[in-house]
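Have a look at the structure below before the remarks.
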Amino acid sequence: MIINRSMSENPFRSFIMGGFECADHQNAFGERIDLISLTGHDRFINEDYARLREISITTVREGIRWSHVEKKPFVYDWSQVEEIIIHAHKHDIQVVWDICHFGFPDDLTPLHPMFARRFAHLCRAFVKKYRSLVPYGELIITPINEVSFLSWLGGEVKGTSPYCINQGWEVKYMLMKAYIEGIEMMKEIDQSVRIMVTEPLIHISAPDQTDTDLCSEAWKRHQEQFQVLDILSGKICPELRGKEEYLDLIGVNFYFNNQWTIHDQQCIDWDCDPPNPLWRSLNSLVKEVYLRYEKPVVISETSIPEHKRYSWLKMIGEECITIIKSGIPLYGCCIYPIIDRPDWDFPETWHHSGLWDIPNPDNLYREIHLESLLALNQFRFNLSHVLESEKAVVTAEDY
Numbered sequence: 000m001i002i003n004r005s006m007s008e009n010p011f012r013s014f015i016m017g018g019f020e021c022a023d024h025q026n027a028f029g030e031r032i033d034l035i036s037l038t039g040h041d042r043f044i045n046e047d048y049a050r051l052r053e054i055s056i057t058t059v060r061e062g063i064r065w066s067h068v069e070k071k072p073f074v075y076d077w078s079q080v081e082e083i084i085i086h087a088h089k090h091d092i093q094v095v096w097d098i099c100h101f102g103f104p105d106d107l108t109p110l111h112p113m114f115a116r117r118f119a120h121l122c123r124a125f126v127k128k129y130r131s132l133v134p135y136g137e138l139i140i141t142p143i144n145e146v147s148f149l150s151w152l153g154g155e156v157k158g159t160s161p162y163c164i165n166q167g168w169e170v171k172y173m174l175m176k177a178y179i180e181g182i183e184m185m186k187e188i189d190q191s192v193r194i195m196v197t198e199p200l201i202h203i204s205a206p207d208q209t210d211t212d213l214c215s216e217a218w219k220r221h222q223e224q225f226q227v228l229d230i231l232s233g234k235i236c237p238e239l240r241g242k243e244e245y246l247d248l249i250g251v252n253f254y255f256n257n258q259w260t261i262h263d264q265q266c267i268d269w270d271c272d273p274p275n276p277l278w279r280s281l282n283s284l285v286k287e288v289y290l291r292y293e294k295p296v297v298i299s300e301t302s303i304p305e306h307k308r309y310s311w312l313k314m315i316g317e318e319c320i321t322i323i324k325s326g327i328p329l330y331g332c333c334i335y336p337i338i339d340r341p342d343w344d345f346p347e348t349w350h351h352s353g354l355w356d357i358p359n360p361d362n363l364y365r366e367i368h369l370e371s372l373l374a375l376n377q378f379r380f381n382l383s384h385v386l387e388s389e390k391a392v393v394t395a396e397d398y
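Numbering (numbering that gives the first Met the number 0), first residue to last: 0 to 398.
Okay, here's the thing in structure tokens:
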């Protein structure tokens, strides 16, 4: 077993984290969806943070909602951001910030000539505002969440702005131009800002493993998931000014439908009996990322809807422990969403994928999902023993 000494450098206050769904994009029908408002997190943030403290979750992912903050070019309303900062301080909660989760102002798309400039100035203004309120301490930022998915959704299948087909690369390129320029302007204000890139962790397979040509094609498509990380670190598209140091923390978003077969796009089941031979474990996929970039990893999003939540979270916990035991610096695991959310395109339908359900959208009452809580407590119990064991071995070696 490789002993991972860098675990002591983990910047997060709690290994198990909670993510609040903060998408504010235009959906497939061109309607603006504000999930912070729809879930009531903007009104019940005090109660939501208190619930997390009760179960020892002290690190959360939040988003500033670009469309809400910048309704006029270069004019910013930070009132909701200030509310998050105030309540986070009150409950001693660490916030990991998304500048753009999903969603842009009404007058912008990634293909707009002013997109990168507007985004970069937004990033700079956010850091300046944040440091005026919180002068010291760790500041971890995700400039744009899931560039790969966002460029596919808006550039290939018309699922959001800019509603294109066959322009996924162009959208991705412009998103990464904005991403890197945003980092540059944030670093001008505060060199200590840490960047957590969050990208989908996927696996694309050939349904027929004896077809070498199809396997080769599937492997090439599988490798495309690393384009964002390669651009950010300067391995490709050097004209965008990516740097290896921008690849600080690697967040991987891992869901039950993140693995599929090429061409027919059939989802590879994760809980078959007997197991599906095409399914790849979380720890094998994380290992692939780590061997490629050698940077600390975070499971930055994971969940499943409805009745399989206990089994999914149990599996995730076991996989995280396997990853840690292998010596890979896994810094955390974020349950996302931590509170129930409605569907983007059909908001009258709720997913029931959080640790708390919202059975009645009229009053937005939060109801704990007991099986998920049980799985989370088992995860935390097992994790504490593993981390204590790791510390003991490192201390003995140092002595």
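By construction, the Cβ of each residue, glycine as well, lies at the ideal position given by its N, Cα and C atoms. Values in this document were obtained by computation on a predicted structure and should not be read as measured data.
Just to check my reading of the structure: Ile194 and Ile140 have Cβ atoms closer than 8 Å, yes? What is that Cβ distance to the nearest angstrom? 6 Å
Leu354 and Leu372 closer than 8 Å at C-beta: yes
Going by beta carbon distance, what residues of the same chain come within less than 7 Å of Ile56, once the five residues before and after it are set aside? Ser13, Ile15, Met16, Gly17
Reduced DSSP secondary structure (H/G/I, E/B, other) of Arg291: helix
Roughly how many angstroms separate the alpha carbons of Ile230 and Glu305, rounded to a whole number? 36 Å
Between which two residues does the beta strand (DSSP E) containing Ser299 stretch? 296-301
Tell me which residues share the same chain as Lys313 and place their Cβ nearer than 8 Å to its Cβ, disregarding the 5 neighbours each side in the sequence. Ala374, Gln377, Phe378
Return yes when the Cβ of Lys242 is within less than 8 Å of the Cβ of Gly233, no when it is not. yes
Alpha-carbon spacing of Cys99 relative to Ile267, whole angstroms: 30 Å
What are the start and end residues of each continuous beta strand (DSSP E) run of 3 or more residues lying completely inside the stretch 44-69, in chain order? 58-62
For Met314, report the span of its alpha helix (DSSP H) as first-last. 308-324
For a test of the three-state rule: what should DSSP assign to Asp97, helix, strand or coil? strand
Using CA coordinates, which residue listed in Asp270, Ile327, Phe101, Glu347 is at the minimum distance from Ser283? Ile327
How many Å lie between Ala27 and Gly181 at the Cα? 27 Å
Which listed residue (Ile323, Arg308, Pro358, Gly29) has its alpha carbon closest to that of Gly158: Gly29
Compare the beta carbon distance of Phe19 and Val80 with 8 Å and say whether it is the shorter of the two. no
The beta strand (DSSP E) spanning Ile15 covers which residue range? 15-18
Let me know the alpha helix (DSSP H) ranges lying completely inside the stretch 92-144, each 4 residues or longer, listed in chain order. 114-132
Using 10 angstroms around the beta-carbon of Arg31, count the other beta-carbons present and answer buried if the total reaches 16, otherwise exposed. exposed
Work out the CA separation of Pro104 and Asn362 for me, nearest whole Å. 29 Å
Inspect the beta-carbon positions of His90 and Ala49 and report whether they are closer than 8 Å. yes
Given that a residue counts as buried once 16 or more other Cβ atoms are within 10 Å of its Cβ, and exposed if not, what is Lys400? This structure does not reach residue 400, given that the chain is present from 0 up to 398, and the question cannot be answered.
Between Glu169 and Gly154, what straight-line distance do the alpha-carbon atoms span, to the nearest angstrom? 8 Å
Three-state secondary structure assigned by DSSP to Leu369: helix
Touch check for the stretch 327-340 and the stretch 290-303: three-plus C-beta pairs under 8 Å? yes
Please report the distance separating the alpha-carbon of Gln258 from that of Trp278. 7 Å
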